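Below: one structure, written as structure tokens.
Numbering (the working numbering), first residue to last: 1 to 169.
Spelled out as structure tokens, the structure:
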């Protein structure tokens with residue numbers, strides 16, 4: 001009798017060696033297929049935002065103000081803030097600050113990016129919602145906004161009116 005294993009034994013040996021990696025690959029494939037089938041992969045998830053803040057216009061100053069929100073995107077697909085409105089009506093403009101050395105200007109934009117698994121953190125130094133000719137506002141007052149996105153449904157959020165120069169706590 002030779003020292004070679006029989007043909008049937010060779011198949012069993014190969015199965016013992018190849019079985020676990022092949023089995024693991026099949027399980028992973030099944031799980032990923034299921035995840036994709038139920039919409040968990042490569043789909044937009046609605047953006048989220050907590051309360052924001054709105055600067056109280058200064059008396060005798062420019063008749064405009066700005067609102068700021070932090071918008072989070074938990075999904076795998078980038079989104080864009082494409083518009084906004086507020087409870088008092090009137091125009092709300094998306095604005096981005098352009099820095100030129102020590103000086104800077106601002107420009108209206110058609111959209112503000114909310115990166116996948118990231119956030120758009122509006123601030124006086126970067127991006128905001130500009131409101132021209134707001135009605136009289138009071139410090140501590142809460143104002144409702146509706147934010148509009150390219151992929152996500154509209155989002156209703158509130159902003160607290162704060163005195164000029166203040167920041168969120």
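In this text, a Cβ means the ideal position worked out from N, Cα and C, and glycines have one as well. Quantities reported herein were computed from a predicted structural model and do not represent experimental measurements.
Please classify residue i: is it buried, with 16 or more other beta-carbons within 10 angstroms of its beta-carbon, or exposed?
i, result
"residue 79", "buried"
"residue 76", "exposed"
"residue 112", "buried"
"residue 142", "exposed"
"residue 47", "buried"
"residue 98", "exposed"
"residue 62", "exposed"
"residue 117", "exposed"
"residue 156", "exposed"
Suppose you measure from the CA of residue i to the CA of residue j; what does that come to, to the nearest Å?
i, j, result
"residue 68", "residue 166", "12 Å"
"residue 138", "residue 51", "17 Å"
"residue 147", "residue 49", "10 Å"
"residue 126", "residue 20", "53 Å"
"residue 145", "residue 152", "16 Å"
"residue 91", "residue 132", "7 Å"
"residue 129", "residue 121", "12 Å"
"residue 83", "residue 71", "13 Å"
"residue 164", "residue 123", "13 Å"
"residue 140", "residue 100", "34 Å"
"residue 158", "residue 85", "11 Å"
"residue 162", "residue 96", "21 Å"
"residue 154", "residue 57", "27 Å"
"residue 103", "residue 45", "38 Å"
Could you tell me the boundaries of the beta strand (DSSP E) in which residue i lies?
i, result
"residue 147", "142-149"
"residue 108", "103-108"
"residue 118", "118-121"
"residue 160", "155-162"
"residue 137", "Note, residue 137: premise wrong, no beta strand (DSSP E); not H, not E."
"residue 128", "127-132"
Select from the options the residue whose C-alpha is nearest the C-alpha of residue i.
i, options, result
"residue 88", "74, 126 and 136", "136"
"residue 160", "55, 102 and 45", "55"
"residue 65", "150, 156 and 134", "134"
"residue 73", "150, 164 and 158", "150"
"residue 114", "164, 81 and 155", "81"
"residue 109", "93, 119, 123 and 158", "93"
Whole beta strand (DSSP E) runs in the segment 40-101 with 3 or more residues, listed along the chain?
Within the segment 40-101, the runs of beta strand (DSSP E) at least 3 residues long that lie entirely inside it are, in chain order, 52-55, 64-68, 70-73, 79-86 and 92-100.
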